[in-house]
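The opening residue of the sequence shown carries number 205 in this note's numbering; numbering runs sequentially from there. Beta carbons are placed, not taken as given, at the ideal position from N, Cα and C, and that holds for glycine. Given the structure is predicted, the values throughout are model-derived calculations rather than measurements. Worksheet for the structure shown next.
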Amino acid sequence: MAVLHSDFAGWSGAHALVYEYAKRNKDATVFTWYYDEKDPRFSQINVVKLRNRILESKIPYRSALASFFPKFLTLPDLRGYDVLLVSTSRSAEYSILNLRSKIPVGMYVHTPRRVALRGERLPPYPTLRGRLASGLSRFIGLVYLSALERRVWKRLDFAIFNSRLTLGRALRAGLIGEEKSKVIYPGVDLSAFSALRRSDDGYFLYVARFAYLKRQLLLIKAFREFSRRRPGFRLILAGSVTDPKYFRLVEREKGGGVEVLPNYKEIADLYARSAAFVHVPYMEDFGIAPLEAAAAGKYVINVRPSGNYEILRDFPGVDWIDEKFREEAMAKEIERALEKFAVNRERCVELGRSNADLLRKLDLSWDRFTMEVNSYLASQVESWSSKG
């Protein structure tokens with residue numbers, strides 16, 4: 205089987221999913237337009253680098269241009285493969301329009317492109333310049349990407365989604381029918397978090413890449429109001445820096461009692477010593493961090509809708525905040541949740557410990573993920589063959 209992923213320039217959940225799947229499936233070949241050939245991880249999978257004339261050039265905004273003009277991308281030779289699974293990311297999905305394959309083609313959907321989803325509500329960008337750029341992006345998305353996206357989805361024989369939330373967004377947008385869809389939750393390696401020696405060092409922890417949809421600025425705003433009454437608590441923000449401009453805003457606004465740890469490596473230790481975990485992104489399609497916090501036996505303040513709600517909804521050690529779509533209302537809800545923890549700290553810590561016990565009863569392993577994906581792909585190949 206063939207797997208197409210745009211690039212491995214960073215290491216997000218989408219990158220990890222493709223890598224972990226290929227590592228367990230030696231029949232899979234990963235095609236990509238970029239990966240670091242010196243990275244020893246790639247010696248463990250079958251990977252083929254494709255040419256990308258745009259990305260190889262020195263022209264500005266080449267990554268965006270590669271998404272807009274997929275005809276300039278070198279496509280994989282699919283002779284000898286029985287199915288193609290495309291990991292939704294930038295140019296990879298748009299390259300489907302140029303494929304002339306005689307095998308079933310499907311996508312693993314991490315998230316449908318937000319700008320191309322009609323009716324999708326987004327939180328405001330924190331700067332005027334950002335809001336103007338976001339508005340322009342939104343306009344382009346509605347006019348161009350929406351049409352392009354729908355052409356891509358019409359070419360699909362099937363789609364695998366990382367949550368019911370993600371599937372629901374695609375269904376509401378009319379991108380695909382449920383008969384062509386399957387939900388398979390990503391794998392999560394929780395071994396590093398389930399055996400931690402826990403303590404309570406008096407800080408709230410939020411682990412997420414620094415980007416405006418992760419809303420670190422919103423959490424800082426809520427924490428600032430909370431800490432006026434509860435000065436004994438701290439807030440730690442840790443994660444990779446994928447939006448440098450947004451990260452600089454976070455650094456500028458953090459204020460007293462807030463510590464920012466970009467690209468911090470000892471994440472498991474941060475979980476172990478936290479008082480509680482706070483997770484406040486906008487419409488998280490899946491979200492691994494709350495599962496890591498739960499495995500570490502920590503109380504979790506979380507926002508719904510989110511993909512991980514489907515797994516954690518009945519966990520007593522999770523306090524759910526309903527999305528309000530407006531910054532002031534959300535800040536007040538987050539502040540309320542922080543205060544609730546502070547007032548009932550001992551009880552909340554105890555409930556957090558129960559999260560670990562409940563999570564151990566679930567199979568969220570990468571082996572489970574690989575088997576489920578392989579089984580579904582085999583059924584698609586069989587269905588395709590019967591039609592021929």
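- Taking C-alpha positions only, Leu439 is separated from Ile307 by approximately 51 Å.
- Judged by beta-carbon spacing, Arg508 lies within the 8 Å limit of Glu527, meaning their Cβ atoms are closer than that value.
- Closest by C-alpha distance to Tyr312, out of Val222, Arg245 and Arg359, is Val222.
- Counting the other CB atoms within 10 Å of its CB gives Gln248 a total below 16, which places it among the exposed residues.
- For Asn250, the enclosing beta strand (DSSP E) starts and ends at Asn250 to Lys253.
- If only complete runs of 3 or more residues are kept, the segment 462-504 shows the beta strand (DSSP E) at 462-466 and 480-482, in order along the chain.
- Three or more Cβ pairs drawn from the segment 206-216 and the segment 227-241 lie within less than 8 Å of each other, which places the two stretches in contact.
- At the C-beta level, Gln420 and Tyr407 stay beyond 8 Å of one another.
- Residue pairing for Thr278: DSSP places it in no beta bridge.
- At a Cβ-Cβ threshold of 8 Å, Ile505 and Ala541 count as neighbours.
- DSSP places Asn256 within a strand segment (E or B) once states are collapsed to three.
- Contact between Gly461 and Ser431 holds: their C-beta atoms lie close to 5 Å from each other, under 8 Å.
- In the structure shown, Ile364 adopts extended strand secondary structure according to DSSP, grouped into three states.
- DSSP, read as helix, strand or coil, puts Thr233 in strand.
- Following the DSSP letters along the chain, one finds Tyr407 inside the beta strand (DSSP E) bounded by residues Tyr407 to Val411.
- Leu360 and Phe545 have their C-alpha atoms spaced approximately 46 Å apart.
- Residue pairing from DSSP places Gly443 in a beta bridge opposite Pro466.
- Take the alpha-carbon of Gly443 and the one of Pro520: they are about 27 Å apart.
- Look at Tyr239 here: in three-state DSSP terms it is coil, with no helix or strand label.
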